[in-house]
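Novice: Numbered by this note's numbering, the letters in the sequence shown go through residues 204 to 410 in order. After the structure tokens below, expect a handful of questions from me.
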Amino acid sequence: MLNIVVLVSGGGTNLQALLDAEDAEKIKNGRIIHVISSSRQAYALERARSRGISTTVLERGEFGSSAEFDAELLKVLESCQADLIVLAGFLCILGEEVIERYRNRIINVHPSLIPAFCGKGYYGLRVHQAVLSYGVKITGATVHFVNEIPDGGAIILQKAVPVYKDDTPETLQLRVMKAEWELLPRAVSLFCENKIRIEENIAVIDE
Numbered sequence: 204m205l206n207i208v209v210l211v212s213g214g215g216t217n218l219q220a221l222l223d224a225e226d227a228e229k230i231k232n233g234r235i236i237h238v239i240s241s242s243r244q245a246y247a248l249e250r251a252r253s254r255g256i257s258t259t260v261l262e263r264g265e266f267g268s269s270a271e272f273d274a275e276l277l278k279v280l281e282s283c284q285a286d287l288i289v290l291a292g293f294l295c296i297l298g299e300e301v302i303e304r305y306r307n308r309i310i311n312v313h314p315s316l317i318p319a320f321c322g323k324g325y326y327g328l329r330v331h332q333a334v335l336s337y338g339v340k341i342t343g344a345t346v347h348f349v350n351e352i353p354d355g356g357a358i359i360l361q362k363a364v365p366v367y368k369d370d371t372p373e374t375l376q377l378r379v380m381k382a383e384w385e386l387l388p389r390a391v392s393l394f395c396e397n398k399i400r401i402e403e404n405i406a407v408i409d410e
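Spelled out as structure tokens, the structure:
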């Protein structure tokens with residue numbers, strides 16, 4: 204059984220999707236054992252605590268440098284004996300030491316079809332505002348491995364979501380979030396079942 208640590212910053216809807224999937228036994232060979240938040244106000248912390256899951260708060264502003272923040276994050280991850288790290292709406296960029304230590308063991312969910320509308324500065328409603336401004340007809344959600352390039356790691360799963368002419372950033376966000384809630388638990392289970400392998404920076408799924 205692999206130890207899953209989830210990193211959050213806000214409301215925790217993706218964390219809730221993982222918890223619900225765990226309850227429904229849709230995550231095979233893995234369990235969420237700890238939640239780390241970059242904000243003390245994150246409602247995701249309440250979601251974790253209501254399930255009896257231990258939590259840690261690491262607010263970037265309380266550390267003198269990114270290196271100090273990363274060092275403390277590594278300390279917590281190692282104390283949890285983390286096998287898989289899931290970024291579920293985590294708004295801090297991980298440092299190279301963290302990424303290297305957990306190479307191909309960190310996954311993230313992003314609210315677009317990577318490589319479109321991704322990278323530095325594309326998060327939250329900003330993504331959906333950009334989609335609508337550009338006038339594309341299809342967007343979606345992506346789960347991918349994390350590397351040193353923001354949203355640049357190997358893609359694990361994607362799902363397309365239609366864009367309607369009367370959409371607002373908020374209505375589009377909700378439709379995309381539903382795709383995220385479907386993809387993220389599935390990707391986590393595939394990882395825990397050892398069904399994902401990396402070949403020349405491409406994630407291959409063996410099902």
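Virtual Cβ for every residue (Gly too), placed ideally from N, Cα, C.
ASN217 lies in the alpha helix (DSSP H); which residues open and close that run?
Specialist: Within the sequence shown, numbered from 1, the residue matching residue 217 stands at position 14. Here the alpha helix (DSSP H) through ASN217 covers 216-226.
Novice: Quick check: GLU385 and ALA227, are their CB atoms within less than 9 Å of each other?
Specialist: Walking along the sequence shown from the start, residue 385 turns up at place 182. Walking along the sequence shown from the start, residue 227 turns up at place 24. Not closer than 9 Å, so no.
Novice: Which partner residues does PHE348 have in the DSSP bridge list?
Specialist: Here the question's residue 348 lines up with position 145 in the sequence shown. In DSSP, PHE348 forms a bridge with ILE310.
Novice: Measuring CB to CB, does ALA274 end up less than 9 Å from LEU210?
Specialist: Looking up residue 274 in the sequence shown gives position 71. Looking up residue 210 in the sequence shown gives position 7. In this structure, LEU210 does not lie closer than 9 Å to ALA274 by Cβ.
Novice: Using three-state DSSP, classify PRO183 as helix, strand or coil.
Specialist: Missing from the structure shown is residue 183; the chain here goes from 204 to 410 and no further.
Novice: Report, in whole angstroms, the separation of the C-beta atoms of LEU377 and GLY343, which I expect to be a contact under 8 Å.
Specialist: Here residue 377 corresponds to residue number 174 of the sequence shown, with the count starting at 1. Here residue 343 corresponds to residue number 140 of the sequence shown, with the count starting at 1. Incorrect: roughly 14 Å between the Cβ atoms, too far for contact.
Novice: Which first and last residues belong to the beta strand (DSSP E) in which VAL208 is found?
Specialist: In the sequence shown, counting from the first residue as 1, residue 208 sits at position 5. Residues 205-211.
Novice: Just to confirm before moving on: does the CB-CB distance between LEU287 and ASN206 stay below 9 Å?
Specialist: Position 84 of the sequence shown, counted from the start, is the residue given in the question as residue 287. Position 3 of the sequence shown, counted from the start, is the residue given in the question as residue 206. Yes, Cβ-Cβ distance for LEU287 and ASN206 is below 9 Å.
Novice: Buried or exposed: where does TYR305 fall if 16 or more other Cβ atoms within 10 Å of its Cβ makes it buried?
Specialist: Counting from 1 along the sequence shown, the entry for residue 305 is found at position 102. Label assigned to TYR305: buried.
Novice: From the DSSP output, in three-state form, read off THR170 for me.
Specialist: Nothing about residue 170 can be read from this structure; the chain reaches only from 204 to 410.
Novice: Hey, could you find the ends of the alpha helix (DSSP H) SER374 is sitting in?
Specialist: Along the sequence shown, one-based indexing puts residue 374 at 171. The sequence shown places Thr at residue 374, not Ser. Start and end: 372-395.
Novice: Restricting to Cα atoms, I'd like to know which of GLU225, THR216 and GLY214 is closest to VAL391.
Specialist: Position 188 of the sequence shown, counting from 1, holds the residue named residue 391. That would be GLU225, whose Cα lies nearest to the Cα of VAL391.
Novice: I'd like the ranges of any beta strand (DSSP E) spanning at least 3 consecutive residues and lying wholly in the segment 220-277.
Specialist: The qualifying runs are 233-240 and 257-260.
Novice: Going by DSSP, name the residue or residues bridged to ILE401.
Specialist: Numbered from 1 along the sequence shown, position 198 holds the residue referred to as residue 401. Beta-bridge pairing links ILE401 to ALA406.
Novice: Checking 9 Å against the spacing of the C-beta atoms, do CYS395 and ASP354 come in under that value?
Specialist: For the purposes of this step, residue 395 is identified with residue 192 of the sequence shown, where counting begins at 1. For the purposes of this step, residue 354 is identified with residue 151 of the sequence shown, where counting begins at 1. Cβ atoms of CYS395 and ASP354: not closer than 9 Å.
Novice: Measure the alpha-carbon distance for MET380 versus LEU328 and round it to whole angstroms.
Specialist: Position 177 of the sequence shown holds residue 380. Position 125 of the sequence shown holds residue 328. Going from the Cα of MET380 to the Cα of LEU328 covers about 11 Å.
Novice: Taking ASN350 as the reference, which of GLN361, ASN311, GLN244 and LEU277 has the closest Cα?
Specialist: Start at 1 with the first residue of the sequence shown, and residue 350 comes out as number 147. Taking only the C-alpha atoms, the option nearest ASN350 is ASN311.
Novice: Would you mind reading off the limits of the alpha helix (DSSP H) that contains GLN332?
Specialist: Residue mapping note: residue 332 aligns to position 129 of the sequence shown, counting from 1. 328-337 is the span of the alpha helix (DSSP H), which, as asked, contains GLN332.
Novice: Near GLN332, which residues of its chain fall below 7 Å by C-beta distance, leaving aside the five closest residues on each side in sequence?
Specialist: If you number the sequence shown from 1, residue 332 lands on position 129. Closer than 7 Å at the Cβ level, and outside the excluded window around GLN332, lie PRO372.
Novice: Quick check on the DSSP output: the beta strand (DSSP E) that includes VAL366 runs from which residue to which?
Specialist: Along the sequence shown, read from residue 1 onward, the residue named residue 366 stands at position 163. Premise fails: VAL366 is in no beta strand (DSSP E) and is neither H nor E.
Novice: Report yes or no: is there a C-beta of chain D within less than 9 Å of the C-beta of ILE352?
Specialist: No chain D is present in this structure, which holds just one protein chain.
Novice: How many Å lie between PRO318 and ALA357 at the Cα?
Specialist: As a position in the sequence shown, residue 318 is number 115, starting the count at 1. As a position in the sequence shown, residue 357 is number 154, starting the count at 1. Near 11 Å, if we compare the C-alpha coordinates of ALA357 and PRO318.
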